[in-house]
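Before any comments, here is the structure.
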Amino acid sequence: MRWCVSVGAVLVAGAIVGGDVAGIAAPTPNSRFADGNRGVQPVNVELVIAVDVSYSMDMDELAIQREGYAHAIVSKDFLQALRAIPGSRVAVTYFEWSMSGDEKIIIPWRVIDGPESADAVAAEIMTAPVRRGSSTSISGAIDFAVQLFEENPYRGLRRVIDISGDGPNNDGAPVTGARDAALEKGIIINGLPIMVKEPSLSTTDIENLDLYYEDCVIGGPGAFVMTIEDREKFQEAIRTKLVREVAGLAPESGIVPAAEKEPRVPCLIGEKKSQERGRR
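Right, here's the structure in full:
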């Protein structure tokens, strides 16, 4: 079931990673910590940032998107959220995706625990060459992100996929199957639908991408969508989103929790539009 956790519960959970806090005993390690693997490093959050570079994203959008994540990671708000929990550490990896099988890791797993490590990660993001892909496979991106969790050396109280995109799934497997498989593993998926351009008949873009993300893409405890409709607010939205993911804050007004009803937009709409284009 998808639901919203309380701020207090998440902050307490994050604070007790290393031991007793304010008289509260640390919980018995769960199976992810007690798996017997030597060298496993505990963190508060394992965060996968999955960034759309499909052809529908223009070069300006790609640049703004990348700058947005780099600036967010070094922002005062992000670092304050990190410091709010003593000993807080976030493991993060950043990859770009387009069609199924076209996923490229830009930042391998890194730990951010303060300004210096945040600066290093942001610098890596900004120095990587900008690239573009072709189709849009959100399902492929989710599957790739899940595999990154399985292979990384960190273990966190929460595992979060932060996925951005400007169109529906139109390549690879249906998105709902990938989403549901991730949710079964306890992974949270948050969405950043980019709606700064009017949908065109020559593309597979849709008008209600925000509703599509809410009903077909995101899920897990406290899952939410933040919609970007103005290029000028790109960086602000990304910063707010990362802060909430690190702090585990519950959604507020303007941040939409995952829907628990029938999809308002067909989850196969991208595939349908792609087929219609092929018949023209």
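Using the UniProt record's numbering, the letters of the sequence shown correspond one by one to residues 1 to 280.
Think of the CB as a built atom: it goes at the ideal place given N, C-alpha and C, for glycine as much as any other residue.
Distance between residue j and residue i (C-alpha atoms, nearest Å)
| i | j | result |
| --- | --- | --- |
| Phe-144 | Ile-49 | 11 Å |
| Phe-78 | Glu-276 | 43 Å |
| Ile-163 | Glu-184 | 18 Å |
| Glu-245 | Val-160 | 7 Å |
| Pro-27 | Arg-132 | Because the pLDDT of Pro-27 is 30, which lies under 50, any placement of that residue in the model is unreliable, and the number read from its coordinates should be weighed accordingly. Cα to Cα, the separation comes out at about 45 Å. |
| Ala-123 | Tyr-94 | 13 Å |
| Pro-263 | Lys-104 | 30 Å |
| Lys-197 | Arg-158 | 33 Å |
| Asp-35 | Tyr-55 | Only weak support is given to the placement of Asp-35: the predicted model assigns it a pLDDT of 46, under 50, and the value that follows is read from those uncertain coordinates. Going by the C-alpha atoms only, they are around 41 Å apart. |
| Ala-128 | Asp-102 | 16 Å |
| Ile-138 | Ile-73 | 24 Å |
| Val-130 | Ser-98 | 13 Å |
| Glu-46 | Pro-266 | 31 Å |
| Leu-268 | Trp-109 | 32 Å |
| Pro-153 | Ile-107 | 15 Å |
| Glu-271 | Ile-125 | 31 Å |
| Glu-150 | Asp-205 | 32 Å |
| Val-21 | Ala-178 | The predicted position of Val-21 is uncertain, since its pLDDT is 25 and thus under 50; no value can be drawn from it. |
| Lys-273 | Glu-232 | 29 Å |
| Ala-13 | Ser-134 | Here the model assigns Ala-13 a pLDDT of 31, short of 50, so the residue's position is not dependable and the matter cannot be decided. |
| Ile-118 | Gly-172 | The sequence given here places Ala at residue 118; Ile does not occur at that position. Rounded to the nearest angstrom, the two C-alpha atoms are 34 Å apart. |
| His-71 | Asn-170 | 30 Å |
| Arg-83 | Pro-42 | 16 Å |
| Val-243 | Gly-87 | 16 Å |
| Asp-113 | Gln-80 | 11 Å |
| Met-59 | Val-51 | 14 Å |
| Gly-165 | Thr-136 | 8 Å |
| Val-146 | Asp-230 | 30 Å |
| Thr-240 | Gly-39 | 32 Å |
| Pro-174 | Gly-140 | 9 Å |
| Ala-182 | Ala-223 | 13 Å |
| Pro-168 | Met-57 | 13 Å |
| Gly-186 | Ala-63 | 32 Å |
| Pro-115 | Asp-180 | 35 Å |
| Phe-234 | Cys-216 | 23 Å |
| Lys-76 | Gly-248 | 17 Å |
| Val-53 | Ser-100 | 12 Å |
| Thr-176 | Arg-89 | 31 Å |
Cβ-Cβ separation, residue j to residue i (assumed contact under 8 Å), whole Å
| i | j | result |
| --- | --- | --- |
| Ile-194 | Glu-96 | Not quite, the Cβ-Cβ distance comes to about 14 Å (not below 8 Å), so this is no contact. |
| Asn-44 | Gly-156 | 6 Å |
| Val-225 | Glu-214 | 5 Å |
| Ile-218 | Ile-189 | 5 Å |
| Ile-228 | Leu-192 | 7 Å |
| Ala-91 | Val-121 | Going by Cβ atoms, the distance from Ala-91 to Val-121 rounds to 11 Å, so no, they are not a contact pair. |
Residue i - partner residues in DSSP beta bridges
| i | result |
| --- | --- |
| Glu-67 | Glu-67 is not bridged to any residue. |
| Asn-208 | Paired residue(s): none; Asn-208 is not in a bridge. |
| Lys-104 | Glu-96 |
| Ala-91 | Glu-46 and Val-111 |
| Gly-219 | Ile-189 |
| Asp-52 | Trp-97 |
| Gln-41 | Tyr-154 |
| Ile-194 | Ile-228 |
is_contact[residue i, chain C] using C-beta, thresh 8 Å
| i | result |
| --- | --- |
| Lys-272 | The chain labelled as chain C is not found in the depicted structure, where only one protein chain is given. |
- the region 208-221 contacting the region 59-73, beta-carbon criterion three pairs below 8 Å: Judged by Cβ distances under 8 Å, the region 208-221 makes no contact with the region 59-73, as fewer than three pairs qualify.
- Message: In chain order, what are the residue ranges of uninterrupted beta strand (DSSP E) at least 3 long that sit wholly in the region 152-179?
- Response: As far as the region 152-179 is concerned, its whole beta strand (DSSP E) runs of at least 3 residues are 154-165.
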